[in-house]
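**Q**
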Amino acid sequence: MSDYQAFLQERDRIDLLVHEGYKIKSIIENLSGAFVEFEKYIGENNKNVSETLHISTADGRKYFSSLLIK
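If you want it as structure tokens, here you go:
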């Protein structure tokens with residue numbers, strides 16, 4: 001798979017979580033990429049649900065960084 005195709009998949013996964021109401025909670029970067037933890041508060045159950053994505057492309061890291069600035 002090309003780097004661009006990998007970026008498109010990462011972007012789509014990020015967009016899906018943001019569309020579902022998740023917000024970025026934490027980011028851990030290392031040599032293999034970035035681990036972005038998303039969190040969503042569910043009011044009726046009074047609990048938080050979290051998802052972690054491994055972002056391995058440089059364009060993917062730029063993309064979630066731009067979401068942080070918004």
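For the sequence shown, UniProt numbering assigns the number 1 to the initial residue and increments by one for each residue that follows. Here a beta-carbon is modelled for each residue, glycine too, at the ideal position from N, C-alpha and C. Just so we're clear, the structure is a prediction, and the values are computed from it rather than from any experiment.
Can you tell me the Cβ-Cβ gap for E35 and I24, rounded? I've got them flagged as a contact below 8 Å.
**A** Reading off the sequence shown, one finds Phe at residue 35, where the question assumed Glu. With 8 Å as the limit, F35 and I24 do not qualify as a contact, their Cβ atoms being about 11 Å apart.
**Q** I need the boundaries of the alpha helix (DSSP H) containing Y4, first residue and last residue.
**A** Start and end: D3 to H19.
**Q** To the nearest angstrom, how far is it from the Cα of L53 to the Cα of N46?
**A** For L53 and N46, the distance between alpha carbons rounds to 23 Å.
**Q** Pull up the distance between the alpha-carbon of F7 and that of F64, whole angstroms please.
**A** Cα-Cα distance, rounded: 11 Å.
**Q** By how many angstroms is the C-alpha of S32 removed from the C-alpha of F38?
**A** In a straight line, the C-alpha of F38 is about 19 Å away from that of S32.
**Q** The alpha helix (DSSP H) that contains S32, what's its start and end?
**A** Counting along the chain, S32 falls outside any alpha helix (DSSP H), and DSSP gives it neither H nor E.
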